[in-house]
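Visitor:
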Amino acid sequence: MRKPVVLITGAGGEIGHGLIERLAGQRERAIVTLDVSRLDASIAAKVDREITGSILDRGVLDRVLSEFRVELVFHLAALLSTRSEFTPVTAHQVNVEGTLNLLEFAQHEAESHGNPVVFMYPSSIAAYGLPD
Numbered sequence: 038m039r040k041p042v043v044l045i046t047g048a049g050g051e052i053g054h055g056l057i058e059r060l061a062g063q064r065e066r067a068i069v070t071l072d073v074s075r076l077d078a079s080i081a082a083k084v085d086r087e088i089t090g091s092i093l094d095r096g097v098l099d100r101v102l103s104e105f106r107v108e109l110v111f112h113l114a115a116l117l118s119t120r121s122e123f124t125p126v127t128a129h130q131v132n133v134e135g136t137l138n139l140l141e142f143a144q145h146e147a148e149s150h151g152n153p154v155v156f157m158y159p160s161s162i163a164a165y166g167l168p169d
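Position one of the sequence shown corresponds to residue 38 (this note's numbering), numbered consecutively onward.
1. Quick check on the burial criterion: 16 or more other C-beta atoms within 10 angstroms. Buried or exposed for F123?
2. Who are the near neighbours of Q130 in its chain, counting only those whose CB is closer than 7 Å to its CB and skipping five residues on each side?
3. Quick one: using the 10 Å Cβ neighbour count with 16 as the cut-off for buried, is D99 buried or exposed?
4. Do F105 and R64 have their C-beta atoms within less than 8 Å of each other?
5. For the beta strand (DSSP E) that contains L71, what are its first and last residues?
6. For V97, which residues from the same chain have a beta carbon less than 6 Å from its beta carbon, with the 5 sequence-adjacent residues on both sides left out?
7. What is the DSSP secondary structure of R95, counted as helix, strand or coil?
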């Protein structure tokens, strides 16, 4: 039987670190992270499974589906405004197509275990840039 987990994408960022700190104290579900970079050792010690990969890689998402029963997704993975301005195609791929991949992932997961997957998509002003 697949273990129930919370999946945090983009866990290596500031919001991800704070979220992991908070969730690690509750332990209602195992914590699985997905980020393009390895987590800092201090925060990695607080998660049950760290997966290095991209939300654009459907193979990685399929592997998560096969190993875990995801009940809650915190989608934090994104390219922020400054980098997005210099790499707009990549920004679209990550911020739009990656989000669609995760929404489809959540839909498939909900269908496989018969319960909706809670999908949290928090953000900050950094995603949009500061006003002129």
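From the three backbone atoms N, C-alpha and C, an ideal C-beta is built for every residue, glycine too. The structure presented is a predicted model; accordingly, all values stated were derived computationally and were not measured.
Guide: Working from what's here:
1. exposed
2. L93
3. exposed
4. no
5. 67–72
6. G90
7. helix
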